[in-house]
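Presented below is the structure to which this report refers.
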Amino acid sequence: MASNEASREATAPMIFHCRLIPPRPDFAFTMTEEERTLMSRHADYLRSKLREGVMAGPVADPAGPWGLLILRVGSEAEARAVTDGDPVARSGRGFRYEILPMISTIM
């Protein structure tokens, strides 16, 4: 029975908190037209992931807004694949994701 429990835990989805850090603290307020277009592609990409259990949105941090992405996936590698596929991450414009596994969740 213990091996069954360990097997279920090994295959159970994990929840990851992914923080999208923009290239500058005032990014949300100073975007260029080109950056607005990029952010539109970012939003479309995340919308395409909604069926996979993705939750996302901007966070109103007094130090500067940033993006929150909550993923329910099988591994950190899967989480990294989602963030690496984001057009902002691929843009070369200074965006970066921090990916942190959640210890536990209440759902």
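First residue of the sequence shown? That's 12 in my numbering, and the numbers climb one at a time after it.
Backbone N, C-alpha and C fix where the C-beta goes; we use that ideal spot for every residue, glycine too.
The structure displayed is predicted, hence computed values, not measured ones.
Please classify residue i: does DSSP put it in a helix, a strand, or coil?
i      : result
MET118 : coil
MET12  : Here the model assigns MET12 a pLDDT of 46, short of 50, so the residue's position is not dependable and the matter cannot be decided.
SER18  : Annotation note: pLDDT 46 at SER18 (below 50); position unreliable, coordinate value reported separately. The answer is helix: DSSP assigns SER18 an H, G or I state.
MET42  : coil
ARG91  : helix
MET66  : strand
PRO112 : strand
ARG35  : coil
ARG83  : strand
For residue i versus residue j, is the C-beta spacing smaller than 9 Å?
i     : j      : result
ARG91 : ILE110 : yes
LEU49 : TYR108 : no
ILE26 : THR94  : no
HIS28 : LEU80  : yes
Below 8 Å on the Cβ atoms is my guess for residue i versus residue j; work out the distance and round it to an integer in Å.
i     : j     : result
ALA67 : GLY78 : 7 Å
TYR56 : PRO24 : Actually they are not in contact, since the Cβ atoms of TYR56 and PRO24 sit about 21 Å apart, beyond 8 Å.
PRO76 : ALA39 : 4 Å
Shorter than 8 Å, the distance from the beta carbon of residue i to the closest heavy atom of the ligand ZN, or not?
i      : result
PRO112 : Looking for the ligand ZN in the displayed structure turns up nothing, as the structure carries no ligands at all.
Just tell me which of the options has its CA closest to the CA of residue i.
i      : options                           : result
PHE106 : MET25, THR116, ALA23 and PRO36    : PRO36
GLU87  : SER59, MET118 and PRO112          : PRO112
ARG104 : HIS53, ARG58 and PHE27            : HIS53
GLU46  : ILE117, MET118, ILE114 and SER102 : SER102
PRO69  : PRO33, ILE114 and MET118          : PRO33
SER59  : ILE114, GLY96, MET118 and ALA100  : GLY96
VAL64  : ALA100, SER51 and GLU89           : The question names Val, but residue 64 is Gly in the sequence shown. When each option's Cα is compared against that of GLY64, the closest is GLU89.
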